[in-house]
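J.:
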Amino acid sequence: MIKRELIEKHLEDMATRVAQLRTYQETSFEEFADDWQAIYAAERGLQTAIQNLIDIGAHILAGLGDSQWNEYREIPPRLARRHIIPESNVRNLQEMIGMRNILVHQYVEVDVKKIYVILREHLDDFDHFARHIKRFLVEGESR
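Once you know that position 33 of the sequence shown is 41 in my numbering, the rest is easy, because the numbers rise by one and skip nothing.
1) Below 6 Å CB to CB, which residues in the same chain sit around P84 once its five sequence neighbours on both sides are set aside?
2) Assuming F137 and V26 form a contact by the criterion Cβ under 8 Å, report the distance between their Cβ atoms to the nearest whole angstrom.
3) Is E34 helix, strand or coil when you go by DSSP?
4) Classify Q28 as helix, strand or coil using the three-state DSSP reduction.
5) Considering only C-alpha positions, which residue in the set V118, Y124, A88 and F144 is nearest to L29?
6) Would you kindly work out how many angstroms separate the C-alpha atoms of E13 and E34, rounded to a whole number?
7) Please look up how many angstroms separate the CB atoms of I64 and H18, rounded, as I've assumed it's under 8 Å.
8) Please classify K94: does DSSP put it in a helix, a strand, or coil?
9) Using only CA atoms, which one of A41, I93 and A57 lies nearest to K122?
10) How would you label Q59, buried or exposed, when you count the other beta carbons within 10 angstroms and need 16 or more for buried?
Shown next, in the form of structure tokens:
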């Protein structure tokens with residue numbers, strides 16, 4: 009069973025994190041790279057925004073009886089196969105999930121430039137994901 013309230017809670021938190029992350033978009037790379045507090049905040053904001061994305065996808069798939077996957081990276085293509093998100097979003101979302109894995113498990117190896125590029129060029133990926141999830145919630149599970 010898909011719990012709409014749970015998904016909406018994750019969507020709201022993800023939107024809050026992304027809005028906070030957008031505050032760094034006008035910062036130059038040099039300023040960002042020299043500000044350890046900004047780096048820490050951006051890393052944590054990205055980690056939790058991506059985790060929300062994962063949790064939303066995993067919950068929907070489980071509610072649809074699809075819980076036979078081994079890695080978080082499998083979630084976006086499974087959502088696309090069910091026409092919940094477009095196939096064109098899969099690769100970017102998988103790359104986001106890969107970044108989350110680095111932030112959580114390989115935090116010593118985080119490339120500040122990659123974080124900065126996500127902040128500048130890929131925050132809209134979260135918005136696109138949220139838009140498709142909201143559409144799914146409106147249209148229901150009848151897909």
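Quick reminder that beta carbons are idealized off the backbone N, C-alpha and C, glycines included.
T.: This is what the structure holds:
1) Position 76 of the sequence shown, counting from 1, holds the residue named residue 84. Around P84: V98, L101 and Q102.
2) Mapped onto the sequence shown, residue 137 falls at position 129. Mapped onto the sequence shown, residue 26 falls at position 18. No, F137 and V26 are not in contact; Cβ-Cβ is about 10 Å, not under 8 Å.
3) On the sequence shown, residue 34 is found 26 positions in, with the first residue counted as 1. Coil.
4) On the sequence shown, residue 28 is found 20 positions in, with the first residue counted as 1. If DSSP states are grouped into helix, strand and coil, Q28 belongs with the helices.
5) Taking the sequence shown and counting its residues from 1, the one referred to as residue 29 is at position 21. Out of V118, Y124, A88 and F144, Y124 has the C-alpha closest to the C-alpha of L29.
6) Reading the sequence shown from its first residue, position 5 is the one you call residue 13. Reading the sequence shown from its first residue, position 26 is the one you call residue 34. Going from the Cα of E13 to the Cα of E34 covers about 34 Å.
7) Here the question's residue 64 lines up with position 56 in the sequence shown. Here the question's residue 18 lines up with position 10 in the sequence shown. At roughly 5 Å, the Cβ-Cβ gap stays under 8 Å, so I64 and H18 are in contact.
8) For the purposes of this step, residue 94 is taken as the residue at position 86 of the sequence shown. Looking at the sequence provided, one finds Pro at residue 94 rather than Lys. Looking at P94 - three-state DSSP - the assignment turns out to be coil, as it is neither helix nor strand.
9) The residue labelled residue 122 in the question sits at position 114 within the sequence shown. Nearest of A41, I93 and A57 to K122, Cα basis: A41.
10) In the sequence shown, counting from the first residue as 1, residue 59 sits at position 51. Counting Cβ neighbours within 10 Å, Q59 comes out buried, since at least 16 surround it.
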